[in-house]
Amino acid sequence: PPVSSELQNLFSAAYNVYFQYSMGNSIFLDYDESHDYNAEENDIELDGKFYSRTSQKYFTDLQSVKAYFEQYFTDDFIETLGIMSHFTEYNGRVYCETWGKGGILGYAGHTYDITSQSDSEIDIAVHCYISLDSANAPDMDNYIYSVPDNLSDYEVLERSIIFRKENGQWRVAHVDLMW
-3 PPVSSELQNL FSAAYNVYFQ YSMGNSIFLD YDESHDYNAE ENDIELDGKF
47 YSRTSQKYFT DLQSVKAYFE QYFTDDFIET LGIMSHFTEY NGRVYCETWG
97 KGGILGYAGH TYDITSQSDS EIDIAVHCYI SLDSANAPDM DNYIYSVPDN
147 LSDYEVLERS IIFRKENGQW RVAHVDLMW
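First residue of the sequence shown: -3, per this note's numbering; consecutive thereafter.
This is the structure in structure tokens:
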């Protein structure tokens, strides 16, 4: 986004956390690539929901889950999304509900425009370009970050980001996934 490097860094980290959370929480799971995943040891079902054990390097209890998200997001954003409802404690460990959404086929890149800015809030419009020919959409290394010359070859999805100052710190108050 066209903001200070401090806010760019916040956005980058927050977006990564939110993306991983939205795509099934894989960033938080207790998975070590040096051994096979043991579903019997790591997965549980409680009240009809499926959970996987989180990594203790991230979370030791539900308060540590909340503190982790509060580094990046406003309290309202965390509450509105119901983020904490996807975590539970069981037998002294923290578990995360496993679920997710798919990405958008044909995602080709995005541009930003600041729509309003004050000392306590910055609203940014994000214009996401989706190739109408998803088979020929660019790969990650070739995403576009300026308005394409051939705009008629793309569907434009409007997304938004809101930064808000909370307790003297900038946090993400709203973000839509771009793909």
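Note that the Cβ used here is the ideal one computed from N, Cα and C, for glycine as well.
Quick one: residues in its chain with C-beta nearer than 7 Å to the C-beta of serine 142, no 5 flanking neighbours on either side, listed in chain order?
Along the sequence shown, one-based indexing puts residue 142 at 146. Result list for serine 142: Thr107, in chain order.
What does DSSP give as the partner residues of glutamine 113 in its beta bridges?
Position 117 of the sequence shown, counted from the first residue, corresponds to residue 113. Beta-bridge pairing links glutamine 113 to Ile118.
Okay, do the segment 153 to 165 and the segment 75 to 89 touch, 3+ Cβ pairs below 8 Å being the bar?
no
Buried or exposed: which applies to threonine 70, given that a residue is buried once 16 or more other Cβ atoms fall within 10 Å of its Cβ?
Working through the sequence shown from its first residue, we reach residue 70 at position 74. It counts as buried.
Give me the residue from Tyr68, His82, Phe73 and Asp57 with the minimum Cα distance to glycine 44.
Locating residue 44 in the sequence shown gives position 48, counting from the first residue. Of Tyr68, His82, Phe73 and Asp57, the residue nearest in Cα terms is His82.
Can you list, in chain order, the residues of its chain with a C-beta nearer than 6 Å to that of valine 13? Leave out the 5 residues immediately preceding and following it.
Your numbering for residue 13 matches position 17 in the sequence shown. The answer, listed in chain order, is Tyr68.
Nearest by alpha-carbon distance to tyrosine 91: which of Ala104, Val152, Tyr139 and Val61 is it?
On the sequence shown, position 95 is the one that residue 91 refers to. Among Ala104, Val152, Tyr139 and Val61, the Cα nearest to that of tyrosine 91 is on Val61.
Given a cut-off of 8 Å on the beta-carbon distance, is the pair isoleucine 110 and tyrosine 125 in contact?
The residue given as residue 110 occupies position 114 in the sequence shown. The residue given as residue 125 occupies position 129 in the sequence shown. Taking 8 Å as the Cβ cut-off, isoleucine 110 and tyrosine 125 do not qualify as a contacting pair.
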